[in-house]
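Okay, structure first, notes after.
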Amino acid sequence: MSVDTATDPYVSIPGFYDLFRAKEGDKALPSVAFFADLAPQGATALELGPGTGRITLAVAERVAEVWCLERSATMRAVLLAKLAERPKLWDKVTVLPGSAPVFKLGRMFDYIYLAGVLEHVPEADRPSLFRAIADHLAPGGIAAMDMVLTMPAPELAERELDEIRLGQCRYVYSAQAQRLGPDLSRLRMTYRTYQGDELIATEVVTRLHNMHRPEPVLTDLAAVGLVPAQGNGLAMASHDPDDPGAVVVRKPRGDT
Ligand SMILES: C[S@@+](CC[C@H](N)C(=O)[O-])C[C@H]1O[C@@H](n2cnc3c(N)ncnc32)[C@H](O)[C@@H]1O
1 MSVDTATDPY VSIPGFYDLF RAKEGDKALP SVAFFADLAP QGATALELGP GTGRITLAVA
61 ERVAEVWCLE RSATMRAVLL AKLAERPKLW DKVTVLPGSA PVFKLGRMFD YIYLAGVLEH
121 VPEADRPSLF RAIADHLAPG GIAAMDMVLT MPAPELAERE LDEIRLGQCR YVYSAQAQRL
181 GPDLSRLRMT YRTYQGDELI ATEVVTRLHN MHRPEPVLTD LAAVGLVPAQ GNGLAMASHD
241 PDDPGAVVVR KPRGDT
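As structure tokens, this is what we get:
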């Protein structure tokens with residue numbers, strides 16, 4: 001089965017997405033702790049691209065309410081299934097179908113965050129995404145995003161990156177990347193299921209990976225009135241000490 005980015009690159013893989021991150025525990029990226037720790041206690045939050053809700057659930061424990069905008073029906077379904085097991089959070093979490101950068105929720109939030117999402121956003125859409133974030137951010141509120149990268153766009157021959165066993169099955173994850181330009185690659189992820197030595201299923205996903213570098217990201221954020229929350233606004237959300245990974249900005253009070 002092959003699914004392209006034109007439809008939904010996550011349609012067949014939310015289980016694999018969570019499984020391989022569960023195996024990595026606290027080291028898994030995007031970092032749950034990074035985004036949850038930034039959530040002000042008792043605040044209102046908006047998550048763009050919550051996926052299966054790894055971070056949503058941790059943020060929901062801290063805030064008064066969190067709204068989620070997710071374009072993948074499959075990822076939303078998994079998030080709803082997780083919420084089904086947590087009735088304590090039902091009043092707090094609003095899960096909406098929708099796709100950034102074009103969204104209008106008719107209200108503002110104290111905290112807006114995107115984890116593992118910016119790579120899905122074409123460079124040309126970045127200014128309108130940041131405009132929408134600024135429009136939905138309350139004065140004094142903060143916005144955080146990872147996938148702000150200084151490394152070159154990846155080029156990689158297919159290689160096995162991880163595997164995990166559940167019962168009699170072994171799931172093997174491999175990835176391939178083709179550089180299409182200095183800041184754009186096409187990724188091909190393959191998930192193979194083995195029962196014993198027999199290959200019984202292969203799921204392939206292809207999608208684009210857009211690079212967003214710190215300088216243009218901070219320039220585009222400044223253009224919509226969002227300023228570094230601390231220092232130069234760059235933050236460590238990855239495990240690569242040479243790559244800041246994230247940006248945290250604030251909407252100054254009095255700027256409506
Ligand atoms: C790598 S996953 C990250 C999921 C989650 N934030 C996490 O950290 O585990 C990216 C998610 O963003 C969603 N997504 C990508 N582009 C989006 C967009 N333009 N609007 C809304 N959701 C988007 C995808 O469907 C997917 O669920």
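For the sequence shown, the residue numbers in full-length UniProt numbering are 1 to 256.
Where is the CB? At the ideal position from N, CA and C, for every residue including glycine.
Given residue i, which residues of its chain have a CB within under 8 Å of its CB, disregarding the five upstream and five downstream residues?
i: arginine 186; result: Ala177, Gln178, Leu180, Thr206, Arg207, Leu208, His209
i: glutamine 41; result: Arg62, Val63
i: leucine 94; result: A small fix is needed here, since residue 94 is threonine in this sequence, not leucine. Taken in chain order, the residues that qualify are Glu65, Val66, Trp67, Cys68.
i: leucine 80; result: Val95
i: serine 2; result: Because serine 2 carries a pLDDT of 43, less than 50, the predicted location of this residue cannot be relied on, and no value is offered for it.
i: lysine 88; result: none
Do you know how far the Cα of residue j is from the Cα of residue i?
i: phenylalanine 16; j: valine 204; result: 12 Å
i: valine 217; j: arginine 54; result: 25 Å
i: lysine 27; j: proline 252; result: 33 Å
i: proline 214; j: lysine 23; result: 30 Å
i: glycine 49; j: alanine 115; result: 7 Å
i: tryptophan 90; j: alanine 157; result: 44 Å
i: glycine 106; j: glutamine 195; result: 50 Å
i: asparagine 232; j: phenylalanine 103; result: 28 Å
i: proline 122; j: glycine 51; result: 19 Å
i: alanine 77; j: histidine 239; result: 30 Å
i: glutamate 85; j: lysine 92; result: 14 Å
i: glycine 25; j: glycine 254; result: 41 Å
i: glutamine 230; j: proline 241; result: 18 Å
i: tyrosine 10; j: leucine 29; result: 16 Å
i: leucine 83; j: glycine 167; result: 26 Å
i: alanine 222; j: histidine 120; result: 21 Å
In chain order, what residues of the same chain have a beta carbon less than 6 Å from the beta carbon of residue i, not counting five sequence neighbours either side?
i: proline 127; result: Asp220
i: alanine 237; result: Ser31, Phe34, Asp146, Gly245, Ala246
i: aspartate 183; result: Ala153, Met211
i: valine 59; result: Ala36, Ala39, Ala45, Val66
i: proline 101; result: Asp125, Ser128, Leu129, Ala132
i: aspartate 18; result: Thr52
i: aspartate 4; result: Its pLDDT being 41, under 50, aspartate 4 is placed unreliably by the model, and the measurement read from it follows with that caveat. Same-chain partners within the cutoff: Thr206.
i: alanine 235; result: Ala246, Val248
Give a yes or no on whether the C-beta atoms belonging to residue i and residue j are separated by under 8 Å.
i: alanine 134; j: valine 224; result: yes
i: serine 174; j: glutamate 155; result: no
i: phenylalanine 109; j: threonine 56; result: no
i: aspartate 243; j: leucine 118; result: no
i: valine 248; j: alanine 132; result: no
i: leucine 226; j: arginine 250; result: yes
i: aspartate 8; j: serine 99; result: no
Restricting to Cα atoms, I'd like to know which of the options is closest to residue i.
i: glutamate 70; options: Ala39, Tyr113, Gly106, Pro87; result: Tyr113
i: aspartate 197; options: Arg165, Leu89, Ile13; result: Arg165
i: glycine 141; options: Asp18, Pro228, Leu83; result: Pro228
i: serine 12; options: Pro97, Gly167, Thr74; result: Thr74
i: tyrosine 111; options: Lys88, Leu96, His120, His136; result: His136
i: proline 14; options: Tyr191, His239, Gln230, Ala235; result: Tyr191
i: proline 97; options: Glu47, Gly167, Leu29; result: Glu47
Within its chain, find whatever has a CB closer than 7 Å to the CB of residue i; leave out the 5 residues flanking it on each side and keep chain order.
i: threonine 193; result: Cys169, Tyr171, Ile200, Ala201
i: residue 267; result: Lying before the first or after the last residue shown, residue 267 is absent from the chain, which here runs from 1 to 256.
i: phenylalanine 20; result: Asp162, Ile164, Tyr173
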